[in-house]
Amino acid sequence: ALTSWKVSAFRATDYLPKYFINGVEVVMSASATVDDWTGVINGVLGISDDDSTSKDDDLPADTCTDDQTYCQYAPGAGYCCSAGEMCIPNVGCRC
2 ALTSWKVSAF RATDYLPKYF INGVEVVMSA SATVDDWTGV INGVLGISDD DSTSKDDDLP
62 ADTCTDDQTY CQYAPGAGYC CSAGEMCIPN VGCRC
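Residue numbers (my numbering): 2 to 96.
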């Protein structure tokens, strides 16, 4: 239990649910469907699904402040990078 707590504290897991893929936080709704997760994981793995449509037009890029940039790190999934961070495709925001 102590190891789990240390990992949570290190990753600043301050709310639940909080998801990580390969150590990168994934911002997804708790009500995300299997199809939502499949799209995110396939995007990280670089697998394209010919049957799925791109959700690029539905991304909330306008929610970022002036000093932030939107980072789409997987199909249909992304978040705002803070000032000084760069968006790395299929990974997310990094310094």
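We treat Cβ as the ideally placed atom computed from N, Cα and C, and that holds for glycine.
In the DSSP assignment, find the unbroken beta strand (DSSP E) run with residue i in it and report its ends.
i   : result
I48 : I48 -> no beta strand (DSSP E), and no H or E assigned at all.
V28 : V28 -> no beta strand (DSSP E), and no H or E assigned at all.
C88 : 87-89
C65 : It is not in any beta strand (DSSP E) - C65 carries neither H nor E in the DSSP assignment.
Buried or exposed, going by whether 16 or more other CB atoms sit within 10 Å of the CB of residue i?
i   : result
C82 : buried
C96 : exposed
G85 : exposed
In this structure, does DSSP put residue i in helix, strand or coil?
i   : result
A33 : coil
Rounded to whole angstroms, how far is the Cβ of residue i from the Cβ of residue j, which I believe are closer than 8 angstroms?
i   : j   : result
Y71 : C65 : 5 angstroms
G47 : P76 : That belief does not hold up - the Cβ atoms of G47 and P76 are roughly 11 angstroms apart, past 8 angstroms.
When you compare the CB positions of residue i and residue j, do they come within less than 8 angstroms of one another, or not?
i   : j   : result
V25 : V41 : no
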